[in-house]
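Line by line, the protein sequences are chains A and B. Numbers 1 to 359, taken from UniProt numbering, label the letters of the first sequence in order. Numbers 1 to 359, taken from UniProt numbering, label the letters of the second sequence in order. Okay, structure first, notes after.
Number of protein chains: 2
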Amino acid sequence: MPPRKPSSASKAPARTFKTKPGKPTSTDVAAAAGVSRSAVSFAFNNPQRISTATRERILAVAEELGYTPNTLGRMLQAGTTNSIGVLLPQGLAQILENPYYSRFLMGAGQVCDREGYTLLLTPPLQDSVLKAIPYAAVDGFIVCGLEIDRGEVAELDRRGIPFVLIDSDRHEGAPHVEVDDRGGARDVARYLLELGHRRLAVLSIGPRPAADPGHRGPLARRLAGITDALAEVGLTLDDVRVAEVPVTRADGYKATRELMSGEPPSAILALSDVLAYGAVDALQDLGVAVPDEVSVTGFDDLAESAWFRPRLTTVRQPIVTKGRIAADFLISAIRGEDQHPHQMLGTSLIVRDSATNPA
Amino acid sequence: MPPRKPSSASKAPARTFKTKPGKPTSTDVAAAAGVSRSAVSFAFNNPQRISTATRERILAVAEELGYTPNTLGRMLQAGTTNSIGVLLPQGLAQILENPYYSRFLMGAGQVCDREGYTLLLTPPLQDSVLKAIPYAAVDGFIVCGLEIDRGEVAELDRRGIPFVLIDSDRHEGAPHVEVDDRGGARDVARYLLELGHRRLAVLSIGPRPAADPGHRGPLARRLAGITDALAEVGLTLDDVRVAEVPVTRADGYKATRELMSGEPPSAILALSDVLAYGAVDALQDLGVAVPDEVSVTGFDDLAESAWFRPRLTTVRQPIVTKGRIAADFLISAIRGEDQHPHQMLGTSLIVRDSATNPA
DNA sequence: CTGAAAGCGCTTACAG
DNA sequence: CTGAAAGCGCTTACAG
């Protein structure tokens with residue numbers, strides 16, 4: 001007998017005698033059903049391309065072997081993951097503790113639901129947003145809170161992966177959705193100043209990176225808005241105290257206690273509702289009446305701010321809408337429909353009960 | 001001149017003359033740097049295996065071409081994604097609107113942060129949890145709220161993908177973390193009964209699937225707990241009104257208004273805090289005093305329940321801990337360390353201000 | 001209606 | 001120190 005072609009002769013048995021099959025592959029099913037791998041693929045994805053009988057047989061064998069097409073193999077071949085990544089500025093625990101992000105993700109989630117995408121939450125890897133990028137198998141990214149760009153935008157560009165920027169510094173030509181942070185902050189600062197407050201304290205979000213020359217993110221814009229309002233009454237940012245605080249209720253609390261231990265302000269302007277809650281907690285614990293002795297304002301207008309006591313005076317930004325538009329933009333970019341969309345969203349001052357005239 | 005081997009001769013030029021390179025691959029870099037693809041790979045992942053000079057050259061060429069190793073190709077080869085999937089029972093919008101899930105995800109997120117995993121939120125595809133499974137590129141799943149198994153567990157098993165069950169019906173041999181739902185519900189029902197309430201209404205979570213014989217999930221356990229308590233005073237579940245409501249504040253509101261339009265209960269036992277908030281909203285709008293005219297209790301003890309007015313009497317379950325343990329179990333399973341862990345978590349009755357003796 | 005081949009990009013033994 | 005080959009699993013033109 002002539003020897004069979006060595007390549008096939010040496011390989012087939014090796015496969016056949018595998019002890020533990022591990023996960024069966026399409027090759028295994030093809031062998032067991034006596035068909036080619038293409039036939040197996042067709043049985044799953046393109047039924048009309050093979051006869052019903054063949055298909056049934058293949059499916060039966062697959063069932064018996066416990067075969068199921070490998071997700072990664074499929075994605076590599078398709079070049080698509082049906083997943084949207086959210087590139088986050090902090091760890092998952094911090095993000096998910098923050099109601100702001102829940103709202104934002106909810107907006108993005110609405111779009112994912114509609115379009116059949118999954119949502120990959122991608123926190124920094126070893127404290128680096130940049131390092132996290134190569135480990136996310138996604139069709140595109142929503143990039144959040146990139147106050148300062150450490151090469152993320154360039155990396156995304158060179159990967160040719162679509163992205164949209166949120167709560168970030170602007171980049172020419174990059175899709176983004178912005179909020180009128182400057183206008184919102186100006187409005188609330190002006191409101192407080194018109195009420196007669198002059199001893200203002202600002203609870204800002206931080207800590208900001210040490211060397212930060214080109215800083216032009218939302219935070220900088222809010223501070224600029226406050227500066228605008230101060231200028232109208234002949235003051236500058238140097239005339240107010242600014243504390244930089246991580247965005248948690250507990251940190252707002254702590255910072256406020258420190259603030260009150262010095263010369264107490266007549267009003268605290270927090271750059272986030274969550275921080276404002278903490279400020280009110282601290283003032284209440286100190287026996288300081290809000291707003292009668294000290295006024296407090298927030299930024300965001302989270303749902304709970306209307307239920308909070310005193311009901312929080314704050315700046316509303318359309319968080320859910322922002323998430324929805326970001327996801328919509330991203331999907332357009334993924335589909336190649338619209339390459340550089342941007343949108344500016346307005347804010348509005350919501351006057352409730354937590355601020356009044358100074359005592 | 002002898003012709004070069006046809007295979008290489010016919011291919012190399014084709015690659016070389018590509019007009020738009022698309023994303024460059026390792027092959028492109030290898031060609032441009034005059035090395036093999038392995039060398040390119042080594043330059044990125046195994047620097048010590050090649051000379052410094054070669055490495056630098058490769059990296060320079062890669063930089064120039066804008067090459068970056070493809071994530072999916074890498075994952076397929078590595079057989080690992082560094083991602084944990086959360087298989088969800090509802091759309092992303094609903095999930096992220098629910099503070100319960102935010103807390104749960106926060107717990108899971110703590111573990112992801114520590115272990116360097118991303119978190120893939122996987123909602124049902126075309127209303128099917130089962131259909132969503134093949135589209136998630138993950139190392140394992142946390143399966144949530146699988147009140148009734150429609151083949152998901154079998155599918156996960158056949159895929160050989162690790163998973164842990166949460167808020168779900170039990171499955172022999174499957175890792176899971178449970179909460180003592182029955183005990184918790186019994187406690188709060190007993191509390192209400194001891195207060196003297198007999199006209200009870202239950203705001204349950206639903207709608208439950210029509211045909212549901214083998215139903216033994218957390219909901220069934222909570223109902224069983226209520227039944228236990230009722231039995232102690234000679235009542236059955238038929239003696240109370242049970243409304244099945246989707247878990248949103250608005251739905252709790254609506255259901256309560258309907259409840260009150262009939263013969264009003266003296267106490268409303270909600271199987272979720274969110275539903276309890278909605279109930280209180282409705283009662284307040286109807287001018288019914290809580291708890292003086294109608295008592296209301298919740299289940300979960302979300303953070304906001306302590307801030308809610310009246311402060312909510314409820315059953316505490318350790319949500320963040322549940323998320324953390326689920327993720328820990330999953331990662332153990334992924335690493336093959338512990339194959340079938342389970343854990344039962346206790347509940348406790350938190351007595352606050354929203355329930356009192358019947359009028 | 002079906003199969004052999006090429007290809008999606010990558011990495012890792014295995015030889016030299 | 002480096003390269004040719006095999007393989008991670010899959011799918012889709014292209015021939016028959």
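Quick reminder that beta carbons are idealized off the backbone N, C-alpha and C, glycines included.
DSSP three-state assignment for residue i, whether helix, strand or coil
i, result
"leucine 286/B", "coil"
"valine 40/B", "helix"
"serine 51/B", "coil"
"aspartate 300/B", "strand"
"serine 295/A", "strand"
"glycine 346/B", "coil"
"alanine 9/B", "Low local confidence applies: a pLDDT of 32 at alanine 9/B is under 50, so the model's placement there is unreliable, and no value is given."
"glutamate 194/B", "helix"
"arginine 74/A", "helix"
"alanine 174/A", "coil"
"isoleucine 148/B", "coil"
"phenylalanine 308/B", "coil"
"alanine 359/B", "coil"
"glutamate 244/B", "strand"
"leucine 120/A", "strand"
"arginine 159/A", "helix"
"leucine 269/A", "strand"
CB-CB length for residue i against residue j, believed under 8 Å
i, j, result
"threonine 314/A", "aspartate 301/A", "5 Å"
"leucine 120/A", "valine 153/A", "With a Cβ gap of about 19 Å, leucine 120/A and valine 153/A do not count as contacting."
"threonine 248/B", "leucine 283/B", "That pair is no contact at about 17 Å."
"residue 376/A", "valine 143/A", "With chain A covering only 1 through 359, there is no way to say anything about residue 376/A."
"aspartate 292/A", "alanine 250/A", "The pair is not a contact, with the Cβ atoms about 25 Å apart (cut-off 8 Å)."
"glutamine 343/A", "valine 177/A", "5 Å"
"arginine 186/B", "aspartate 228/B", "5 Å"
"isoleucine 350/A", "arginine 309/A", "Actually they do not touch by this definition, with Cβ atoms about 15 Å apart."
"glycine 206/B", "glutamate 244/B", "3 Å"
Under 8 Å between C-beta atoms of residue i and residue j
i, j, result
"glycine 262/B", "alanine 276/B", "no"
"residue 376/B", "valine 179/B", "Not covered by the structure: residue 376/B. The range shown for chain B is 1 to 359."
"leucine 271/B", "serine 204/B", "yes"
"alanine 201/B", "proline 265/B", "yes"
"leucine 96/A", "serine 102/B", "yes"
"threonine 68/A", "alanine 137/B", "no"
"glycine 145/A", "glycine 323/A", "no"
"leucine 286/A", "threonine 321/A", "no"
"leucine 76/B", "leucine 72/A", "yes"
"threonine 54/A", "valine 40/A", "no"
"serine 51/A", "arginine 37/A", "no"
"arginine 170/A", "arginine 199/A", "no"
"threonine 122/B", "alanine 132/B", "yes"
"alanine 32/A", "leucine 65/A", "yes"
"aspartate 113/B", "leucine 195/A", "no"
"glycine 151/B", "histidine 340/B", "no"
Closest by C-alpha distance to residue i, when choosing among the options
i, options, result
"valine 61/A", "Val29/A, Pro47/A, Leu92/A and Asn45/A", "Val29/A"
"isoleucine 331/B", "Ala39/B, Gly140/B and Ala93/B", "Gly140/B"
"glutamine 303/B", "Val274/B, Val247/B and Val290/B", "The residue you asked about is not glutamine; residue 303/B is alanine in the sequence shown. Of Val274/B, Val247/B and Val290/B, the residue nearest in Cα terms is Val274/B."
"valine 296/B", "Val177/B, Ala220/B, Ala355/B and Ala359/B", "Ala355/B"
"glutamate 232/B", "Val242/B, Arg221/B, Leu192/B and Ser266/B", "Leu192/B"
"aspartate 338/B", "Asp281/B, Leu345/B, Ile325/B and Ile350/B", "Ile325/B"
"leucine 88/B", "Ala250/B, Ala39/B, Phe104/B and Thr71/B", "Phe104/B"
"residue 372/A", "Glu155/B, Gly109/B, Phe42/B and Leu230/B", "Given that chain A is displayed from residue 1 to residue 359, the structure contains no residue 372/A and the question cannot be resolved."
"aspartate 181/B", "Arg55/B, Leu223/B and Arg352/B", "Leu223/B"
"residue 445/A", "Pro99/A, Gly66/A, Ala43/A and Ile84/A", "The question about residue 445/A has no answer here: the residues shown for chain A are numbered 1 through 359."
"glycine 336/B", "Asn70/B, Pro175/B, Ile268/B and Ile50/B", "Pro175/B"
"tryptophan 307/A", "Val280/B, Ala289/B, Val288/B and Gln317/B", "Val280/B"
"valine 294/A", "Arg309/A, Ile148/A, Ile268/A and Gly66/A", "Ile268/A"
"glycine 183/B", "Gly225/B, Leu237/B, Ile350/B and Ala132/B", "Gly225/B"
"proline 24/A", "Ala43/A, Glu63/A, Gln48/A and Arg49/A", "Glu63/A"
"phenylalanine 163/B", "Ala243/B, Arg208/B, Leu237/B and Ile84/B", "Ile84/B"
Residue i: CB within 7 Å of a non-hydrogen atom of the ligand ZN
i, result
"proline 218/B", "Among the components of this structure there are no ligands whatsoever, and the ligand ZN is therefore not found."
Give the residues from the stretch 99–128 of chain A that approach chain B closer than 7 Å (Cβ to any Cβ), ordered along the chain.
Against chain B - using a Cβ distance shorter than 7 Å - the residues of the stretch 99–128 of chain A are Ser102, Leu105, Met106, Gly109, Gln110, Cys112, Asp113, Gly116, Thr118, Leu119, Leu120, Leu121, Thr122, Pro123 and Leu125.
What residues in the stretch 128–140 of chain A have a beta carbon less than 7 Å from any beta carbon of chain B?
Shown in chain order are the members of the stretch 128–140 of chain A whose Cβ falls below 7 Å from a Cβ of chain B: Pro134, Tyr135, Ala136 and Ala137.
Contact set between the stretch 152–169 of chain B and chain A, restricted to residues whose Cβ is under 7 Å from the partner:
Cβ contacts with chain A come from Arg158, Arg159 and Gly160.
Which residues, in chain order, does the stretch 248–266 of chain B contribute to contact with chain A at a C-beta distance below 7 Å?
If the cut-off is 7 Å between Cβ atoms, the stretch 248–266 of chain B has nothing near chain A.
Beta carbons nearer than 7 Å to chain A: which residues of the stretch 320–333 of chain B have them?
Answer set for the stretch 320–333 of chain B: empty.
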